Amino acid sequence: ALKWYEGIIREVTADKVKVHYFGWASKWDATLPRYKNVGTSKLSPPAPLWTKTSRWRERIKVGDSVEVRESNSLAHRPKWYRATVLATGKETDSPTELTGGAELEMNEENEKG
Numbered sequence: 005a006l007k008w009y010e011g012i013i014r015e016v017t018a019d020k021v022k023v024h025y026f027g028w029a030s031k032w033d034a035t036l037p038r039y040k041n042v043g044t045s046k047l048s049p050p051a052p053l054w055t056k057t058s059r060w061r062e063r064i065k066v067g068d069s070v071e072v073r074e075s076n077s078l079a080h081r082p083k084w085y086r087a088t089v090l091a092t093g094k095e096t097d098s099p100t101e102l103t104g105g106a107e108l109e110m111n112e113e114n115e116k117g
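The working numbering applies: residue 5 is where the sequence shown begins, and numbers increase by one.
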């Protein structure tokens, strides 16, 4: 069975896209075909948002227990903590500037090739 993961496209070429999967170290980034049935890849091209994964963010509510990754923990050894949701916003709310948080990271092994 195929598994689909939420991600962000980091690079696009004429026939391929490089994808970073949310919550995964950069060493798991993948190069996927841009179009279906082109080339020899057995991987599927990216699908439009929410067509293959659930809209889980819409189900989070105040009081829910969640796991949160420490933003400065290493990619190959992340630190996770239990947390409780204190507040939520709506899709129509104005963006709030956040301080801290984890950016897309590079694993040293991945940087070397």
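Just so you know, even glycine gets a beta-carbon here, dropped at the ideal spot from N, CA and C.
Please read all numbers here as calculations on a predicted model, not as lab measurements.
Can you list, in chain order, the residues of its chain with a C-beta nearer than 6 Å to that of Lys40? Leave out the 5 residues immediately preceding and following it. Pro49
Helix, strand or coil, according to DSSP, for Arg2 in the structure here? Nothing about residue 2 can be reported from this structure: the residues present for the chain run from 5 to 117 only.
Just the Cα atoms here: how many angstroms apart are Glu10 and Arg61? 12 Å
Nearest-angstrom Cβ-Cβ length linking Lys65 and Thr88, presumed shorter than 8 Å: Their Cβ separation, rounded to whole angstroms, is 11 Å, which puts Lys65 and Thr88 out of contact at 8 Å.
Complete beta strand (DSSP E) runs within the stretch 31-68 (minimum length 3 residues, chain order): If only uninterrupted beta strand (DSSP E) runs of at least 3 residues are considered, those enclosed by the stretch 31-68 are 34-37.
Grab me the residues of Arg86's own chain with a C-beta within less than 7 Å of its C-beta, minus the 5 sequence neighbours each way, in chain order. Ser69 and Glu71
Rounded to whole angstroms, what's the CA-CA distance from Arg38 to Pro99? Just pull it up for me. 31 Å
CA-to-CA distance, Asp97 to Trp32, given in whole angstroms: Rounded to whole angstroms, Trp32 to Asp97 spans 32 Å at the Cα level.
Excluding sequence positions up to five away, which residues of its chain have a Cβ less than 6 Å from the Cβ of Ile12? Exclusion of the five residues before and after Ile12 leaves His24 as the residues of its chain whose Cβ lies within less than 6 Å of its Cβ.
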